[in-house]
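Okay, so here's the structure we're looking at.
Numbering (the UniProt record's numbering), first residue to last: 1 to 174.
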């Protein structure tokens with residue numbers, strides 16, 4: 001099995017002011033290391049406030065780690081290299097009703113990763129979107145509003161062509 005993701009001593013400390021000259025540190029994620037290989041599933045579990053979402057945000061590049069390394073496909077990720085990272089890691093929020101706009105057209109939502117991560121032109125993207133909708137059992141009409149698909153999960157984003165290897169899930173609150 002090949003290694004998809006390696007995390008070495010990844011940690012996050014938030015620093016904030018508590019007074020005019022005083023600062024306090026909050027260790028949100030203590031040093032953590034793990035390896036994820038192809039075919040494996042990894043679950044990060046813990047109580048509220050234990051750093052699960054902060055870890056997911058560091059992996060996806062939403063926040064910068066204080067220390068540690070993230071390696072994907074033998075390439076060390078640097079904070080700010082969003083193009084490479086976004087082709088390999090995506091956030092899937094726990095509550096799609098708070099992370100997706102029901103008034104937005106499904107085609108617009110699905111078009112964004114294709115536009116950013118592929119060389120497909122507009123007609124090719126439209127075709128890929130409609131194929132994906134059919135594959136997951138939905139009507140292939142990208143002009144429909146997301147609300148037309150209420151309570152249907154479309155977590156098959158890998159079929160869009162982005163070929164995701166890792167999906168980080170977490171709540172939006174942090």
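C-beta: ideal position from N, C-alpha, C; glycine also.
CA nearest to the CA of residue i, picked from the options
i, options, result
"residue 87", "69, 107, 103 and 59", "59"
"residue 175", "24, 3 and 48", "One cannot answer for residue 175 here, as it falls past the ends of the chain, which runs 1 to 174."
"residue 133", "118, 120, 115 and 108", "108"
"residue 32", "129, 10 and 117", "10"
"residue 26", "34, 20, 35 and 16", "16"
"residue 35", "123, 126, 75 and 7", "7"
"residue 110", "23, 48, 62 and 130", "130"
"residue 192", "21, 113, 138 and 119", "Given a span of 1 to 174 for the chain in the structure shown, any question on residue 192 remains unanswerable."
"residue 5", "122, 118 and 75", "75"
"residue 106", "138, 117, 77 and 89", "138"
Contact set for residue i: own chain, Cβ-Cβ below 6 Å, skip 5 residues either direction
i, result
"residue 54", "12, 28 and 29"
"residue 173", "The pLDDT assigned to residue 173 is 44, lower than 50, so where the model puts this residue is not dependable, and the model offers no usable value."
Per DSSP, the bridge partner or partners of residue i
i, result
"residue 3", "37"
"residue 32", "10"
"residue 16", "24"
"residue 52", "Answer is none; residue 52 lacks a bridge partner."
"residue 67", "11"
"residue 57", "In DSSP, residue 57 forms no bridge with anything."
"residue 135", "The partner list for residue 135 (beta bridge, DSSP) is empty, contrary to what the question assumes."
Beta-carbon gap between residue i and residue j smaller than 8 Å
i, j, result
"residue 79", "residue 64", "yes"
"residue 115", "residue 125", "yes"
"residue 49", "residue 82", "no"
Residues near residue i by beta carbon distance below 7 Å, same chain, minus five either side
i, result
"residue 1", "37, 38 and 39"
"residue 24", "16 and 18"
### Query
Three or more beta-carbon pairs under 8 Å between the stretch 42-52 and the stretch 65-72, yes or no?
Touching, no.
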